[in-house]
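1373 is the number of the first residue of the sequence shown in the working numbering; add one for each residue after it. C-beta: ideal position from N, C-alpha, C; glycine also. Please read these numbers as outputs of a predicted model, since none were measured by experiment. Only one structure is covered here, and it is reproduced in the block below.
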Amino acid sequence: MPNQQVESATPTKLASVSPASLARKLRVAGRLLYHDAETSTIMIHDGEDALLVDVSLCVQNAWRSPPWLRESGTIVMVVGYVESSAKPLPLPVLSAHAPLVNVNPRLVLRAIIAEGAPDLDMVLWNRAIQAREELTQEVKQES
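In structure tokens:
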């Protein structure tokens, strides 16, 4: 009988998403900074780190988009696979009051789940991920 277990997504800070993350299933969280309804692309950020996310599999059409998609600054949690683009993706023009962010225009998270998470404490989220990474390092060093 084939293994029917679903691959789990690794909780990851936006600052840690890099080309080394390609083809990995990640769970990330950040504040909605930008939404392009035509391309079903959003940009989320945490501090100065940002990530482009393709939400086309999660949002059926612009007329029935979830409420969080219309609320700039809302916290979003996304599960998906990191993909690379051969050519840089066009970066959105952000408003003058938007935070300055660093984004890799060649990386995109292809979302399979995207949900608003207005009650998520981003500081606690990042601390929990940091603690998990430290514990993983300790276990690797002991083996």
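Discussion item. If I follow the unbroken beta strand (DSSP E) through E1455, where does it start and stop?
Written reply: I1447 to S1456
Practice prompt. Determine whether the Cβ of P1490 lies closer than 8 Å to any Cβ atom of chain B.
Written response: In the structure shown, chain B does not exist; there is a single protein chain.
Discussion item. Rounded to whole angstroms, what is the Cα-Cα separation between L1479 and S1515?
Written reply: Distance between the alpha carbons of L1479 and S1515: 33 Å.
Discussion item. From the DSSP secondary-structure annotation, give me the bridge partner or partners of P1471.
Written reply: Its beta-bridge partners do not exist; DSSP assigns none.
Discussion item. Would A1381 and L1404 be called neighbours here (beta carbons separated by less than 8 Å)?
Written reply: no
Worksheet item: Is it the case that the Cβ atoms of I1416 and A1422 are separated by a distance below 8 Å?
Response: Against a cut-off of 8 Å, the Cβ pair of A1422 and I1416 comes out as a contact.
Worksheet item: So what does DSSP say about E1506, is it helix, strand or coil?
Response: In this structure, E1506 counts as helix in the three-state DSSP scheme.
Worksheet entry | Nearest candidate by alpha-carbon position, reference V1378, set G1452, C1430, P1438 and V1400 | G1452
Item to complete: Identify, in the order they occur along the chain, each residue of the same chain with its Cβ nearer than 6 Å to the Cβ of A1468, setting aside the five sequence neighbours on each side.
Response: None.
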